[in-house]
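Q:
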């Protein structure tokens, strides 16, 4: 497994985009360390076609946590991708499993914060209408309070008029930590 992990690391270092398919196959390696190195390498290469493979791996890590790569490793790789890839998370944001919805919301939140740091809030306005719709019409009222809390940070960046109503709902949430996240989101300069 050390040789396979080193090969994946070498592909990360040279950042040869066509090698993403080899790294996607390495996500199926029997050793979790090789899978983790492959996930980091895929994030470094940033090939759009690799993103869905990582999302599938995230789902598998949630449903079978003792087998393979950790949720944390996959999430760390996914947040390194540009915000343009967030639409690939739409099925996860609408998933029936609350942990998958939470992780997808948190990944989008980190992608949004990273994009806002690098390029300003204009980048956030470029989110697809479908993604904005999910945040403004579904996630801020999700049954999982963790999803509601993380959605506040994304919603606070929207200029859509519906964002105000969603944020008011979050500020008045029954869970104290959801209210805390909403207040912190409102305190962000924009």
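Residue numbers (the working numbering): 656 to 845.
Ideal Cβ placement from N, Cα and C applies to all residues, glycine included.
As the structure is a prediction and not an experimental result, all values here were calculated from the model.
1) Looking at the structure shown, is residue 719 part of a helix, part of a strand, or coil, going by DSSP?
2) Which residues bound the alpha helix (DSSP H) around residue 846?
3) Which term fits residue 719, buried or exposed, when burial requires 16 or more other beta carbons within 10 angstroms of its beta carbon?
4) Can you tell which of 791, 663, 710, 824 has its C-alpha closest to the C-alpha of residue 814?
5) For my contact list, residue 808 and residue 840 are in at a C-beta cut-off of 8 Å; report their separation, rounded to the angstrom.
6) Report the residue from 690, 656, 700, 676 whose alpha carbon sits nearest the alpha carbon of residue 669.
7) For residue 679 and residue 659, which I take to be in contact (beta-carbon distance under 8 Å), what is that distance rounded to the nearest angstrom?
8) Residue 696: buried (16+ other C-beta within 10 angstroms of its C-beta) or exposed?
9) Measuring alpha carbon to alpha carbon, tell me which of 830, 673, 759 ends up nearest residue 712.
10) Curious, which full-length alpha helix (DSSP H) runs of at least 4 residues does the region 720 to 803 contain?
11) Is the beta carbon of residue 692 sitting closer than 8 Å to the one on residue 731?
12) Among the candidates 801, 812, 810, whose CA atom is the shortest distance from the CA of residue 831?
13) From residue 723 to residue 816, what does the alpha carbon distance come to, in whole angstroms?
14) Cα separation between residue 717 and residue 745?
15) Name the two residues that bound the continuous alpha helix (DSSP H) containing residue 660.
16) Report all residues from its chain with a CB closer than 6 Å to the CB of residue 674; omit the five preceding and five following residues, and keep chain order.
17) Output the distance between the C-alpha atoms of residue 762 and residue 799, rounded to the nearest integer angstrom.
A: On the basis of the supplied data:
1) Here residue 719 carries a coil assignment [DSSP, helix/strand/coil].
2) With the chain running from 656 to 845 in the structure shown, residue 846 is simply not present.
3) Exposed: under 16 other Cβ atoms inside 10 Å.
4) The candidate whose alpha carbon is nearest that of residue 814 is 791.
5) Taking C-beta atoms under 8 Å as the contact rule, residue 808 and residue 840 qualify, at a distance of about 5 Å.
6) Across the set 690, 656, 700, 676, the C-alpha of 700 shows the shortest separation from the C-alpha of residue 669.
7) With a Cβ gap of about 14 Å, residue 679 and residue 659 do not count as contacting.
8) Residue burial is scored here from C-beta neighbours: residue 696 has at least 16 other C-beta atoms within 10 angstroms and is therefore classed as buried.
9) Distance check between residue 712 and each of 830, 673, 759 places 759 closest, using alpha-carbon atoms only.
10) Whole alpha helix (DSSP H) segments, 4+ residues: 726 to 733, 745 to 748, 753 to 774, 784 to 792.
11) In this structure, residue 731 does not lie closer than 8 Å to residue 692 by Cβ.
12) For the residues 801, 812, 810, the minimum Cα distance to residue 831 belongs to 801.
13) A direct Cα-to-Cα measurement between residue 723 and residue 816 gives close to 43 Å.
14) Rounded to the nearest angstrom, the two C-alpha atoms are 17 Å apart.
15) Note, residue 660: alpha helix (DSSP H), 657 to 669.
16) Around residue 674: 666.
17) Computed Cα separation, rounded: 16 Å.
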